[in-house]
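This report refers to the structure that appears directly beneath it.
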Amino acid sequence: MRPIRTEHKAEVIRDPWTGQILNHAETDTIHALDDNDTLRSFSVMSRVPNSCGCIAPPGGLCSVCSSPVCAACFAASRCVLCRRPSCPAHAVHQIDASGRTFALCGSCHGAVQRRRRLYALAHALLSPFVQWERSHGTR
Numbered sequence: 000m001r002p003i004r005t006e007h008k009a010e011v012i013r014d015p016w017t018g019q020i021l022n023h024a025e026t027d028t029i030h031a032l033d034d035n036d037t038l039r040s041f042s043v044m045s046r047v048p049n050s051c052g053c054i055a056p057p058g059g060l061c062s063v064c065s066s067p068v069c070a071a072c073f074a075a076s077r078c079v080l081c082r083r084p085s086c087p088a089h090a091v092h093q094i095d096a097s098g099r100t101f102a103l104c105g106s107c108h109g110a111v112q113r114r115r116r117l118y119a120l121a122h123a124l125l126s127p128f129v130q131w132e133r134s135h136g137t138r
C-alpha cells in the first residue's frame, strides 16, 4: 500500500481564563492505494477523556485547574454558594439536613467549616450562661 494523502484534525477547547488551547480529540486519516490500485482510507479517532472520566463533549472548564468537564458533571459540581464551576476533583460534596447532596468549592467549604467551628466555640463558651434550645437544623 502506498499512502497518497494524510489528514490530521484536532478538536480543541480554548480556556477562557488563560487563553490556553487544550486538545480534546484528534482524528488521523490515511488515504492509500492498495495493490489493485483501489483507494483505501483508514481513520483513527482518539478522544481525550475529561477530568471527570467521561468521554462526552466538554460542558465547561474547572475554575481551579482549567480542566474540561462534561456537561452533566459540570452542572452537578457547581458551588451552591458562589456558583463557581469546579471539576469533581475540586468540588466538595456535602449532604444537607433533608438528605440532598450539594457541591461547594474549596474556598466556600473552608468558610463553612470556619463558621461551624466558630459557632461550636461560641456555644461551648456561652453554654454555662445561656440555656440553648435544640433546633432541628444542621447545627
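Under numbering that gives the first Met the number 0, the first residue of the sequence shown carries the number 0, and numbering increases by one thereafter. A virtual CB, placed ideally from N, CA and C, is assigned to each residue, including glycine.
Any idea what DSSP makes of residue i, helix, strand or coil?
| i | result |
| --- | --- |
| VAL111 | helix |
| LEU80 | coil |
| GLY105 | helix |
| ARG138 | Residue confidence for ARG138 is low, a pLDDT of 48 falling below 50, so the modelled location carries little weight; the figure read from the coordinates is stated next. It is coil, neither helix nor strand. |
| HIS122 | helix |
| PHE73 | helix |
| ARG116 | helix |
| ALA9 | strand |
| PHE128 | coil |
| SER97 | coil |
Which value, in whole angstroms, describes the spacing of the CA atoms of residue i and residue j?
| i | j | result |
| --- | --- | --- |
| CYS64 | SER97 | 31 Å |
| ALA24 | ALA9 | 6 Å |
| VAL47 | HIS122 | 51 Å |
| ALA55 | ALA110 | 33 Å |
| ARG4 | ALA31 | 7 Å |
| GLU204 | ARG113 | In the structure displayed, the chain extends from 0 to 138; residue 204 sits before or after that span and is not available. |
| CYS86 | GLU132 | 39 Å |
| ASP33 | PRO57 | 38 Å |
| ARG83 | ASP95 | 19 Å |
Count the other CB atoms within 10 Å of the CB of residue i; is the residue buried (16 or more) or exposed (fewer)?
| i | result |
| --- | --- |
| LEU120 | exposed |
| VAL11 | exposed |
| ASN35 | exposed |
| PHE128 | exposed |
| ARG116 | exposed |
| LEU103 | buried |
| GLY18 | exposed |
| ASN22 | exposed |
Can you determine whether any heavy atom of the ligand COA sits closer than 7 Å to the C-beta of residue i, and answer yes or no?
| i | result |
| --- | --- |
| PRO57 | With respect to the ligand COA, the structure shown offers nothing to examine, as it has no ligands at all. |
Quick check on this structure: which residue in the options has the alpha carbon closest to the alpha carbon of residue i?
| i | options | result |
| --- | --- | --- |
| MET0 | PHE101, ASP14, SER40, ARG13 | SER40 |
| THR100 | GLY52, ALA74, SER42, LEU38 | ALA74 |
Beta-carbon of residue i versus every beta-carbon of chain C: anything under 8 Å?
| i | result |
| --- | --- |
| HIS92 | No chain C appears in this structure, which consists of one protein chain only. |
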